């Protein structure tokens, strides 16, 4: 088997989950859907993180009870279970697509105005493939290296915009129907759950179930909190009516900072640094999908699958870029209903009856 | 793996080149202005800076205009008439012609997608007296060709003195798209325009206090502000009234005011914001509490006791605040931003969207309460 | 189809030229020929010397091609005037004086009456030979190797053993100052080409009983001497056995140096960064050994290879720990900034100037544009041209003798730069950027890492030309990922930062120097620090 999972520590896997949770929370969502209910995205982010953590804890518990180190140990060999695995793979594929699609949109709208999105996508594909093909060990180690730089850039972006924050913009907060918030958070599971789902897929590399649980908890809580903080800052910078129409609100927040005569603007540098984080996140999800595929369908090498998955992801992003009525509808469904890909198979996997151990033949 | 990498790399080399131009093939637009056109709906004016040239004159500033129906059309026309490719990435000021602002038709024009012409959204937006070409040319000074530095100084002054509003394009869009407040923009024009009508008392005020008397002096400045109802300009406030509106919105930091004393003499005081204004809004009644610190200039010339002086300043300010609010209310402009506090009372987006805030605003009663802390160390004259 | 593709990439039919083929003189070898040759070689390697001195003499003459190879000295003499013997040595490699004084003179004086022919070597060794390092051997291979190394083999008629005496006395360079790793505070000694001297230099620093210098022969016919220096009980045994396994796999006829050994035993051939630190400073190699690593010395190479390494090793200088913490931190931070500038600055400038001019302030724009007013080359070409010129000047300066080398640097830097600006080939701003890049590059202490940085720099410049900051991001991310996936002898390249280990030292800030015992934990050493 050449799945390239390798072995890595708690800090690296937590860093990867943190990055994925942050980028999933802040950069994957469609602005129109995220802000249609007002400036409550930060509350939804907190609730959805808690929901995802509960799901993760339940899965780790199931792993402990049934024995096994990763998600594929929970998914059996039956055809039904394989179908469930396919659902999860699709969820990971979609989760991988979303941040890239948003960044591609940002790039073509704000940065490379005169270039085609195909050209920009051409740059992402080899990078995505390389990262996916290099395997989990490389991904999490790269994440650990990138994390401090990303944290500094995020902190700098949030702090530099402090003059633009006004609390009145977060109103009206939709607390009137708390149930609605929980439903919205459930819908956000396509962004909140994949970091932990991907960690479960590569659980074998964390060497220890407890280490995996700890990494998942730390990464998801820190990533979710950071994403919620960033979304809160965003909510104080723009009203929800503005945010609904912004394809890349975080980039807008960056350029909102007024420096009359800056020696060097750094908004683009920060944007592309974040793009690096988004590509890493997508590669992490794609690799997790690869491992799930290889283990479920007994494929021995992850690299051809990685090539295939990154190609599919890039192609889908490109196809969905052509603005037609159909693609608009598909996109809306992807962003609104994709949570079902995680919401449906997970309970079924968790509720799988415990396999009875065969009775040992009595020794004579 | 290496072979696959090469296969993926090949299309990148063949088709992967992003559109780019050398840095010296651009001319940079610093200011954009839009006003009513003669043959087409809009006249777009651009102040173009061309870096390069000789060591002595590194920059050449030129003003170009084009009539158009839409922003993108104007963008293309400007590019067509100018020999270099225009880059809007360094634009820092957007001027809306007064005539266009009064009709409220500028939104149709300004509703361009941010980013398409590489326009930074953090432009300073001003209202300018047409023709904007004159306003832009008034900014060009041969003595100091670095227009950016001059504009920085202008921007800083508006922040320091509180006499003009310093509004960004995002805030402008926020005011247009959301009903929480109405926008107030700096009012720019040439110094020779003379008197401007102030919407509060109906009196005219001199456009600027003075002008530089050198040959290469700046001929354009900003003073006072244009007040909007939604996207329509409804009046002009002079510097003092602008300062008072900014005090209520919380944007005021420091400034200077003159007060006439009972004996007819004038007193000058520097005012500072002590804490954020406290605004309460309930059942059509609003109360505004303001806390300011005042430093009196030349205290030896003021004959009043400190307590009496404090009471006088507080009373004058409260009266003026009420007058300014009444004028704004008449013009249906919520420039003081009471709508921000109305929105806080909603827990549902739909309910807030269904609320007709502007009709509530027209019936709003506001009481202003000003507390001034006179500095014990009265300020001496600036020349001391 | 194949022909069509071949024709597509082929301009003309190649002209007939002389080509040396193996089979031309000897014809096609038979099917079993190679196996037979191999067997003969094995037999010879296992061969023992004959009792007959003439046969041994003939064998030696044939082995060293004595007819043409006049370096081989075969000196026959009579031991005690009766027993025939032969001293075989290599001219220039062995010390004539030692052979005359300590072998031949006692040989003529010794009495061998009553000593059997077969016991002659032992007797001569014990009673006459006044040499410190001697060895008895009957292996032909060992004898040949000894002669080649400069030792003298004494063969006796009627005896099946020969004495190998250490008479090495070839000319070698004395210990001098390091040429490439100059420091202000640290020691001023450098390794030489003599492996014995190098071991001594290490032993002078590491005066402890657990310091082991394991001598090994490389594979192949040349049998170059290699030394593995490590602390027994501290070094990770798995690492040591893996290094030995890889060294054992070397079988080459090439002349070996540390650089070549590195290439033969490394994991990632296409990674631009080195996987072994090559240092000419004994103190640096000794520090590495004390830290639980292995130093590799190669005969004839004035450098030691240190393995495994991490990115921190490549960015550290020998005198880092000699400086006090505040000063060391500043130096380290400046070096890191220099390394980053050297790698990213030209590409970042290209990206901003070609794709994102709005990111530069008006004043910078004006300056850049004014400096480019008359330059006819496109900006990217200007940058790549200057970077190439910089490398050219550097290489030219390195390869010519000292004083001329300095002159070339000055000519390249001043005259060429000035002339290029005057001729409107390059602009002053780009010249300044390339100069800054060059300075940053020299701040990287390791030469191989400097070259690797230059490689990444050009790659990033091309990417920046194509796609601005997007290109830099994608290339930078791929490079980081590749470096994260790489390991130097099993140790991840970014350790102790990723994976994090307990003894993580900061790249930017130097930590306080404390008393410590044992090795760093990133090599999984046996005896680690607490």
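Chains as they are written, first to last, in this note's numbering: chain A, 1 to 364; chain B, 1001 to 1384; chain C, 2001 to 2530. Backbone N, C-alpha and C fix where the C-beta goes; we use that ideal spot for every residue, glycine too. In this text the structure is predicted, and so the values were computed from the model without any measurement.
Our two residues, residue 2330 of chain C and residue 2344 of chain C, have alpha carbons roughly 21 angstroms apart in a direct line. If you look at residue 153 of chain A, you'll find it in the alpha helix (DSSP H) that goes 136-160. When the beta-carbon positions are compared, residue 51 of chain A and residue 227 of chain A stay at least 8 angstroms from each other.
Chain-ordered, the chain A residues with CB closer than 8 angstroms to the CB of residue 2480 of chain C read 142, 145, 146. Rounded to whole angstroms, the separation of the alpha carbons of residue 2513 of chain C and residue 2359 of chain C is 42 angstroms. The closest CA to that of residue 2294 of chain C, considering only C:2300, C:2278, C:2413, is found on C:2278. According to the DSSP assignment, residue 1358 of chain B belongs to no beta strand (DSSP E) but to the alpha helix (DSSP H) extending over 1357-1362. If you look at residue 2056 of chain C, you'll find it in the alpha helix (DSSP H) that goes 2053-2063.
For residue 2473 of chain C, at least one C-beta of chain A is nearer than 8 angstroms to its own C-beta. Scanning its chain for C-beta atoms nearer than 7 angstroms, with the 5 sequence neighbours on each side dropped, one finds around residue 2215 of chain C the residues 2225, 2227, in chain order. Spanning the alpha carbons of residue 1327 of chain B and residue 1135 of chain B requires a straight line of approximately 28 angstroms. A direct Cα-to-Cα measurement between residue 2205 of chain C and residue 2122 of chain C gives close to 38 angstroms. Cβ-Cβ distances below 6 angstroms link residue 2486 of chain C to 2268, 2271, 2493 in the same chain, with the five nearest sequence neighbours on each side left out; the list follows chain order. Under the DSSP definition of a beta bridge, residue 2076 of chain C partners with C:2086. Of the candidates B:1049, B:1101, B:1105, B:1069, B:1049 places its Cα closest to the Cα of residue 1087 of chain B. Pairing residue 2328 of chain C with residue 2482 of chain C, the inter-Cα distance amounts to about 30 angstroms. Close CB contacts of residue 251 of chain A within its chain, under the 8 angstroms cut and outside five residues either way in sequence, are with 106, 110, 267, 271 (chain order). Residue 2433 of chain C and residue 1277 of chain B have their C-alpha atoms roughly 51 angstroms apart.
Annotation for residue 1324 of chain B: 1200, 1241, 1244, 1245 place their beta carbon closer than 7 angstroms to its own, counting only its chain and skipping 5 residues before and after. Linking residue 1285 of chain B to residue 1365 of chain B through their CA atoms gives a straight-line distance of about 5 angstroms. Of the residues C:2061, C:2078, C:2499, C:2114, the one whose Cα lies closest to the Cα of residue 2106 of chain C is C:2078. With a cutoff of 8 angstroms on beta-carbon distance, residue 1032 of chain B and residue 1044 of chain B are scored as near each other. Sequence-distant Cβ neighbours of residue 1039 of chain B in its own chain, meaning closer than 7 angstroms and more than five residues away, are 1067.
The three-state secondary structure of residue 304 of chain A, taken from DSSP, is helix. Within the stretch 194-269 of chain A, the runs of alpha helix (DSSP H) at least 4 residues long that lie entirely inside it are, in chain order, 194-201, 209-237, 240-244, 249-256. For residue 2074 of chain C and residue 2253 of chain C, the gap between their C-alpha atoms comes out near 26 angstroms.
Secondary structure of residue 1085 of chain B (DSSP, three-state): strand. A Cβ-Cβ contact shorter than 8 angstroms links residue 1342 of chain B with residue 1357 of chain B.
DSSP lists no bridge partner for residue 2118 of chain C. Rounded to the nearest angstrom, the Cβ distance from residue 103 of chain A to residue 22 of chain A is 14 angstroms, too far for a contact under 8 angstroms. Taking a contact to require three or more Cβ pairs closer than 8 angstroms, the stretch 51-64 of chain A and the stretch 185-195 of chain A qualify as touching. Residue range 1239-1249 is occupied by the alpha helix (DSSP H) that includes residue 1248 of chain B. Under DSSP, the beta-bridge partners assigned to residue 2211 of chain C are C:2231.
Judged by DSSP secondary structure, residue 24 of chain A falls outside any beta strand (DSSP E) and instead within the alpha helix (DSSP H) spanning 10-27. Under DSSP, residue 1258 of chain B forms a beta bridge with B:1268. Residue 241 of chain A reaches chain B at 1177, 1178, counting residues in chain order whose Cβ is nearer than 7 angstroms.
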